[in-house]
Each structure stands twice: as C-alpha cells, then as structure tokens.
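Participant:
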Amino acid sequence: MNFWGTTRNWWIVLLVGLCLVLAGCAYFIWPTIGYPVASQIFGWIMVLAGIVSLCVSAGKNRPAGWGWWLICGVINMFVGFMLVRSIVLSEIVFPYFIALVCAMWGIGAIFSSVSQRERRYWWIYLINGILLLAISFLLIESGYTQEAEMVSILVAVAFVYWGATLSMVALDMRPLEIDDNK
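Following this note's numbering, the numbering of the sequence shown begins with 5 at its first residue and continues without gaps.
#1: Does DSSP put LYS186 in a helix, in a strand, or in coil?
#2: Is it right to say ALA160 is buried, meaning 16 or more other beta carbons lie within 10 angstroms of its own, or is it exposed?
#3: Can you tell me whether ASN13 is helix, strand or coil according to DSSP?
#4: Identify the continuous alpha helix (DSSP H) that holds SER116 and give its terminal residues.
#5: Going straight from the alpha carbon of VAL164 to that of LEU19, what length do you get?
#6: Using a Cβ-Cβ cut-off of 6 Å (strictly less than) and excluding sequence neighbours within five positions of TRP126, which residues of its own chain qualify?
#7: Any chance the segment 42–57 sits against the segment 85–92, with 3 or more Cβ pairs inside 8 Å?
#8: Going straight from the alpha carbon of TYR100 to that of LEU135, what length do you get?
#9: Rounded to the nearest angstrom, what separates ALA174 and TRP14 at their Cα positions?
#10: Considering only the beta carbon of each residue, do LEU24 and GLY167 sit closer than 8 Å?
#11: Return helix, strand or coil for PRO179, following the three-state DSSP convention.
#12: Can you check whether the CB of CYS106 is closer than 8 Å to the CB of LEU143?
#13: Where does GLU122 fall in DSSP's three states?
#14: What would DSSP say about TRP48, mapped onto helix, strand or coil?
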C-alpha cells in the first residue's frame, strides 16, 4: 500500500514538481531578480500546488493518504495567496513560508517512510524527510539573521529539492495497472 495513494492523474503532480524545479533553476541563473519575483513565482506555484493537492484529496478515487493531501492543499493555498497578496509582505515572510512548506513535506515524507517499511526503498523517503526538515531549519535561521545571500541560495535549493520530491511522489503515485472501467 502506498502512503500517498495512486491515481491516474499522477502526471499533474509531476507537472507541479517540474515547475518548481524550473523556478529553482531560474532563481540560480538570475539571482539579481531577487525576492520580489521569486516570492511571486513561488506564491503562484503554491496556489497551483494547493489546487492540485485539494483535487487529489477530493477525487473520486482518492488515495489512502488523502488527509495529508488535504492539509497540504489548504496550507499551500494559504501560503500562496499570502505571498501574491503583497510584494512587501511576501519579501518579509518569504523564507518562513518556504520553511513551513518544507517542514510540512518533510514530516509527511517521514510518516510515509515509517508506514511503508515493508517496501524496498522506504529509506529514501526517510532521508528525503530529514533533508527537507534540515532545509526548513536553515531557512528559518537565515531569515532570522537576514542573510539575503544565504536565503537566495536556500530558496533556490528548496525550489529544486521540493520539485524533485514532488516528482518522486508523483512517480510513486502511478498505478501499476490502469483499469479502463473506472
């Protein structure tokens, strides 16, 4: 049994993950654009990720871990709308919101690894969860000390890593057999 569940629409989660990876790479390439653009891009991606998460949790064949998808969707949409609401506000709270999202996905990955211990690669989710929690802690620390360069690097890393995490989850959500009657 997969903690995140399976769905025929796994490719939508993969698409959101790839968008996050592209946004992180763009932030690495153009760091001078800085907070305003990155926070707005991240805000809209968060709104998109929230909509996808809510759709996964409310679908006809919702997965076993639908509660995590519901909680993540609500938090993602809240964070996304707060970031796109005001550029000044988003610049102030940007590292903390990203830290919240990374912590949320890190805890989910750790729970996933514990519940899937009989699976072959359960430990990958455990390492993933620990790394996401470490990124979250570093973002809180860098936001607290107001080190803009460190925050920029960590934000880019968080985008890329969170996108890779979502892509990994999406590939794990693929059904092994597609039933055409559903």
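Backbone N, C-alpha and C define an ideal beta-carbon position, used for all residues, glycine too.
Bear in mind that the values here come from a model prediction, so they are computed numbers and not experimental data.
Facilitator: The relevant details are as follows:
#1: The pLDDT assigned to LYS186 is 48, lower than 50, so where the model puts this residue is not dependable; a value taken from the coordinates is nonetheless given after this. It is coil, neither helix nor strand.
#2: Looking at its Cβ environment, which holds 16 or more other Cβ atoms inside 10 Å, ALA160 is buried.
#3: Three-state DSSP puts ASN13 in coil, outside helix and strand.
#4: 91–119 is the extent of the alpha helix (DSSP H) around SER116.
#5: Whole-angstrom Cα-Cα distance: 13 Å.
#6: Within its own chain, the residues whose Cβ lies closer than 6 Å to the Cβ of TRP126, once the five positions on either side in sequence are excluded, are SER117, GLN120, listed in chain order.
#7: The segment 42–57, when compared against the segment 85–92, does touch it at the 8 Å Cβ threshold.
#8: About 17 Å.
#9: Near 5 Å, if we compare the C-alpha coordinates of TRP14 and ALA174.
#10: Yes, these two residues count as a Cβ contact at 8 Å.
#11: Coil, per DSSP.
#12: Between LEU143 and CYS106, the C-beta gap is smaller than 8 Å, which places the two residues in contact.
#13: It is coil, neither helix nor strand.
#14: TRP48 falls in the helix class under three-state DSSP.
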